[in-house]
Amino acid sequence: MGENNNSRKLISGRPKYILDARSPLCSGCQHGIISRIICDVVEELDIADKSIGIGGVGCHAMCMFTMNIDFVQALHGRAPAVGTGVKRGTDGNCIVFTIQGDGDLAAIGIGDLINATTRGEKLTTIFFNNSGYGTTGGQLAPTTLIGQPTTTTPLGRKEGEGGFPIHMAELMANFAGVAYSARCAVNTIAQYKSAKKAVKTAFQKQIDGIGYGFVEILSACPPLLKLKPIQARQWFEKHMLSEYPLGEFKNVDELKVNYQVV
Amino acid sequence: MEKKKKIIDIEINKEYCKACLFCIDSCPKQCLIMGTELNSTGFTSPVFVNQGNCTGCAICSLLCPDMAIQVFEILN
Chain A
1 MGENNNSRKL
11 ISGRPKYILD
21 ARSPLCSGCQ
31 HGIISRIICD
41 VVEELDIADK
51 SIGIGGVGCH
61 AMCMFTMNID
71 FVQALHGRAP
81 AVGTGVKRGT
91 DGNCIVFTIQ
101 GDGDLAAIGI
111 GDLINATTRG
121 EKLTTIFFNN
131 SGYGTTGGQL
141 APTTLIGQPT
151 TTTPLGRKEG
161 EGGFPIHMAE
171 LMANFAGVAY
181 SARCAVNTIA
191 QYKSAKKAVK
201 TAFQKQIDGI
211 GYGFVEILSA
221 CPPLLKLKPI
231 QARQWFEKHM
241 LSEYPLGEFK
251 NVDELKVNYQ
261 VV
Chain B
263 MEKKKKIIDI
273 EINKEYCKAC
283 LFCIDSCPKQ
293 CLIMGTELNS
303 TGFTSPVFVN
313 QGNCTGCAIC
323 SLLCPDMAIQ
333 VFEILN
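Order-wise, the sequence lines are chains A and B. Every letter in the first sequence is one number past the one before it in this note's numbering, and letter 68, counting from 1, is 68. Take any residue in the second sequence, note its place counting from 1, add 262, and you have its number in this note's numbering.
Have a look at this one:
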């Protein structure tokens, strides 16, 4: 696909590292756009032959079946720990990134993530936040919005019962080992471009050996919300962006602490 | 001197499309409309109309979650 012959020139098509097969995701799931961003960045930085992805468990893990990049499947939430092993086992020669969903990263895997940053690992994490557990049937996740109905909270999340949504990008900006932390979305073309820039910066922090790069990308899950894809997009603009502000929360070229090379 | 207008062609892979309508909703020039032909999984897919209005911005291609849209510029 994407041939450049004399009669026509390709402006935009399928990325080089996306497999030529039908995507396994639901209609209107924006995880496909995020996997496109990852593949485009890997192609632009020319790191495909030395990059290893670590996938968790969840809808985001379906993205790794669409990519022509080496992947390791980790246990639920353990992707930063497995990534640490891959990074150290290859003497830091590989570019290791983890893709994690909100149930994976913000619930069961939050300890692994925080401990990976405090150890000063040079990893990149792409956090797919769709405000719920999609794969298991739409239960309450730590990132579910106040008032958002799920299968375990049919009347909507209440503060006294399920607590407040967790803001991972702001949280990650506090840790000394993190060099880059940002929150992005992929609803409009402007958000898409800033998300791509953020993912590229997070990879660059690892390539330059500065520190941990963390990018949270928001998306809407139409089956979870029981809405059509377009209505889910409108719901996202109205509710999700008011709860989760977009932007960069940390971007440093040098960490304040000095981690010894192992 | 008037700038030569680009002629754009859009190819949509009907089998990959899941009819989320993101491309139709995102197109600033309304160059895509929903078609009626079903693919093997029962989804309809968009059809490229208004070729004269298309500027080749490729927003439809970039925001397609299934990466089903290819945008070409026709040379000469």
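Heads up, the beta-carbon is just placed ideally off N, CA and C, and yes, glycines get one too.
(request) For the stretch 30-86 of chain A, list the beta strand (DSSP E) runs that are entirely contained and at least 3 residues long, ordered along the chain. (result) 51-55, 70-73
(request) Check whether the Cβ atoms of asparagine 312 of chain B and cysteine 279 of chain B lie closer than 8 angstroms to each other. (result) no
(request) Work out the CA separation of threonine 150 of chain A and leucine 225 of chain A for me, nearest whole Å. (result) 8 angstroms
(message) Quick check: the Cα distance between cysteine 39 of chain A and lysine 197 of chain A, rounded to an integer number of angstroms?
(response) 13 angstroms
(message) Nearest by alpha-carbon distance to aspartate 102 of chain A: which of A:Arg36, A:Ala141, A:Ile189 is it?
(response) A:Ala141
(request) May I ask you to list the residues that DSSP assigns as paired with arginine 157 of chain A? (result) A:Ile146
(request) Measure how close the beta-carbons of leucine 270 of chain A and glycine 77 of chain A come, nearest whole angstrom, since I'm counting them as under 8 angstroms. (result) The structure shown does not extend to residue 270 of chain A, since chain A spans only 1 to 262, so no value can be given for it.
(request) Establish whether the CB of serine 7 of chain A and some CB of chain B are separated by less than 8 angstroms. (result) yes
(request) Determine contact between the stretch 127-140 of chain A and the stretch 55-71 of chain A, defined as no fewer than three beta-carbon pairs at a distance below 8 angstroms. (result) yes
(request) Step through the CB atoms of chain B and report whether any lies within less than 8 angstroms of the CB of arginine 119 of chain A. (result) no
(message) Against cysteine 29 of chain A, what residues of chain B qualify as contacts under a CB-to-CB distance less than 7 angstroms, listed in chain order?
(response) Pro327
(request) For chain A, find out if any of its Cβ atoms is closer than 8 angstroms to the Cβ of valine 311 of chain B; answer yes or no. (result) no
(message) Just checking: is the beta-carbon of glycine 2 of chain A within a distance shorter than 8 angstroms of some beta-carbon in chain B?
(response) Interpretation of glycine 2 of chain A is limited by its pLDDT of 49, a score under 50 that renders its predicted location unreliable; the figure taken from the coordinates is listed afterwards. Answer yes: the Cβ-Cβ gap between glycine 2 of chain A and chain B drops below 8 angstroms somewhere.
(message) DSSP three-state label for glutamine 231 of chain A, please.
(response) helix
(message) On the criterion of 16 or more Cβ atoms from any shown chain inside 10 Å, does glutamine 292 of chain B qualify as buried, or is it exposed?
(response) exposed
(request) State whether the stretch 36-55 of chain A contacts the stretch 91-99 of chain A, with contact taken as three or more CB pairs (one from each stretch) at a distance under 8 angstroms. (result) yes
(request) Count the other CB atoms, across all protein chains shown, that sit within 10 Å of the CB of alanine 185 of chain A; report buried if there are 16 or more and exposed otherwise. (result) buried
(message) I'd like the span of the beta strand (DSSP E) that includes threonine 125 of chain A, first residue to last.
(response) 124-129
(message) Can you look up aspartate 287 of chain B in the DSSP assignment and give me helix, strand or coil?
(response) helix
(message) Can you give me the C-alpha to C-alpha distance between isoleucine 269 of chain B and cysteine 319 of chain B, rounded to a whole angstrom?
(response) 12 angstroms
(message) For the pair the stretch 64-80 of chain A and the stretch 225-239 of chain A, tell me if three or more CB-CB distances fall below 8 angstroms.
(response) no
(request) Please check the pair phenylalanine 321 of chain B and isoleucine 189 of chain A, which I expect to be a contact at CB under 8 angstroms, by giving their CB distance rounded to whole angstroms. (result) It should be noted that the sequence gives isoleucine, not phenylalanine, for residue 321 of chain B. Between isoleucine 189 of chain A and isoleucine 321 of chain B the Cβ distance is about 5 angstroms, and since that is below 8 angstroms, they are a contact.
(request) Report the neighbours of tyrosine 192 of chain A on chain B: residues whose CB is nearer than 7 angstroms to its CB, in chain order. (result) Leu324, Leu325
(message) Under 8 angstroms, Cβ to Cβ, is there at least one residue of chain B near isoleucine 33 of chain A?
(response) yes
(request) Verify whether the separation of the beta carbon atoms of cysteine 326 of chain B and cysteine 289 of chain B is less than 8 angstroms. (result) no
(message) If distances are taken between C-alpha atoms only, which option among A:Ala220, A:Ile33, A:Gly83 comes closest to glycine 120 of chain A?
(response) A:Gly83
(request) With DSSP collapsed to three states, give me the class of leucine 25 of chain A. (result) coil
(request) Select from A:Ile217, A:His167, A:Cys221, A:Ser12 the residue whose C-alpha is nearest the C-alpha of threonine 136 of chain A. (result) A:Cys221
(message) Bridge partners for threonine 306 of chain B per DSSP, in chain order?
(response) B:Leu300
(request) Taking isoleucine 295 of chain B as the reference, give the member of B:Pro308, B:Asp287, B:Leu337 with the closest Cα. (result) B:Pro308
(message) Using a Cβ-Cβ distance cut-off of 8 angstroms, determine whether leucine 337 of chain B contacts chain D.
(response) Here chain D cannot be found, since the structure's protein chains are A and B.
(message) Less than 8 angstroms between the C-beta atoms of glycine 28 of chain A and alanine 232 of chain A, yes or no?
(response) yes
(request) Measure the CB-CB distance between glycine 109 of chain A and alanine 79 of chain A and report whether it falls below 8 angstroms. (result) yes
(message) Starting from glycine 101 of chain A, trace the beta strand (DSSP E) in both directions and tell me its first and last residue.
(response) 95-101
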